[in-house]
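Chains as they are written, first to last, in our numbering: chain P, 1 to 176; chain V, 177 to 297.
This is the structure:
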């Protein structure tokens, strides 16, 4: 698994956006977590300590539109995969001048390589068929090979993760 | 995104936005006004909540900008007399202060300095 192989460090810093609080949930500070995938760019998951996701982004230094590859990766990480809807993925191009002088000059020097493409995945709170409010959660426990995205009521904790419960069912603790 | 002092002056600045979006109003409108004033060109606002403007905005974003079925706003474009349309900026979905920073960086950029200007600084 590689993450930053093809993504220059000079650009990573200019695209970082720490800070903020969990909007309409707990008002606690947002944590930015980097995760790895088979794709060459960088992933950032912005979530509160309870795991409620504000936005997930994928950034790649490329000419092409990485939305399809991002969608497939997110589907593999989501339970169920249908959680990743086409219209919740939004593309942004970063040309350089809007990223500060360092990034602008770096991208001007490497123009042949193309600009920076960012794909955002934002799932707004919604109501399930039973009328309960649902929000997007992420579980980043070390035991998972990748993040697990799922929806739950906003009062839920990350231990509602279907990945964790599936592992518990599949591999029950051995008796000694 | 390209611009040089040898180019003719740009013709118009266009911002695709929605009035309820905090990245757009007042942040991008104010900065768009500042940018247009410094370049001495008119600013056009395309409100995606108004059907007639939405049609133009969709076409512009699809052709020159960052198109997605429910695309990000604001998106800023610079139009040139030779028919070129240059995508300049898309809002940062992370946070409004990040979009504000992008506007500050854009107005202080080498790219902006190199643009031929016709208005008051």
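Heads up, the beta-carbon is just placed ideally off N, CA and C, and yes, glycines get one too.
Secondary structure of residue 234(V) (DSSP, three-state): helix. According to the DSSP secondary-structure assignment, residue 42(P) is paired through a beta bridge with 59(P).
Taking a Cβ-Cβ threshold of 7 Å, the residues of chain V close to residue 17(P) are 268, 270, 271, 274, in chain order. Non-local C-beta neighbours of residue 46(P) in its own chain, meaning closer than 6 Å and more than five positions away in sequence, comprise 30, 32, 54, 55, ordered along the chain. Rounded to whole angstroms, the gap between the alpha carbons of residue 83(P) and residue 280(V) is 36 Å. With fewer than 16 other Cβ atoms from the protein chains shown falling within 10 Å of its own Cβ, residue 165(P) counts as exposed. Residue burial is scored here from C-beta neighbours: residue 66(P) has at least 16 other C-beta atoms within 10 angstroms and is therefore classed as buried.
Using beta-carbon distances, residue 95(P) counts as an interface residue toward chain V, with a partner under 9 Å. About 18 Å separates the beta carbon of residue 193(V) from that of residue 283(V), a gap too long to meet the 8 Å contact definition. Spatial neighbours of residue 21(P) in its own chain (CB-CB distance under 7 Å, excluding positions within 5 residues in sequence) are listed in chain order as 27, 28, 29, 30. If you draw a straight line from the Cα of residue 227(V) to the Cα of residue 145(P), it comes to about 46 Å.
With a contact defined as Cβ atoms closer than 8 Å, residue 102(P) and residue 14(P) qualify at about 6 Å. Per the DSSP secondary-structure output, residue 152(P) pairs in a beta bridge with 135(P). With a cut-off of 8 Å on Cβ pairs, the segment 195-202 of chain V is in contact with the segment 265-274 of chain V, counting three or more such pairs. The beta carbon of residue 147(P) sits closer than 6 Å to the beta carbons of 35, 77, 138, 140 from its chain, once the five residues preceding and following it are set aside; these are given in chain order. Judged by DSSP in its simplified three-state form, residue 270(V) adopts coil rather than helix or strand. Closer than 9 Å to the CB of residue 89(P) there is at least one CB belonging to chain V.
When 223(V), 257(V), 251(V), 246(V) are compared, the shortest CA-CA separation from residue 88(P) is found for 246(V).
For the pair residue 253(V) and residue 216(V), the Cα-to-Cα distance works out to about 15 Å.
Taking 9 Å as the cut-off, the beta carbon of residue 154(P) is found closer than this to the beta carbon of residue 25(P). The three-state secondary structure of residue 187(V), taken from DSSP, is coil.
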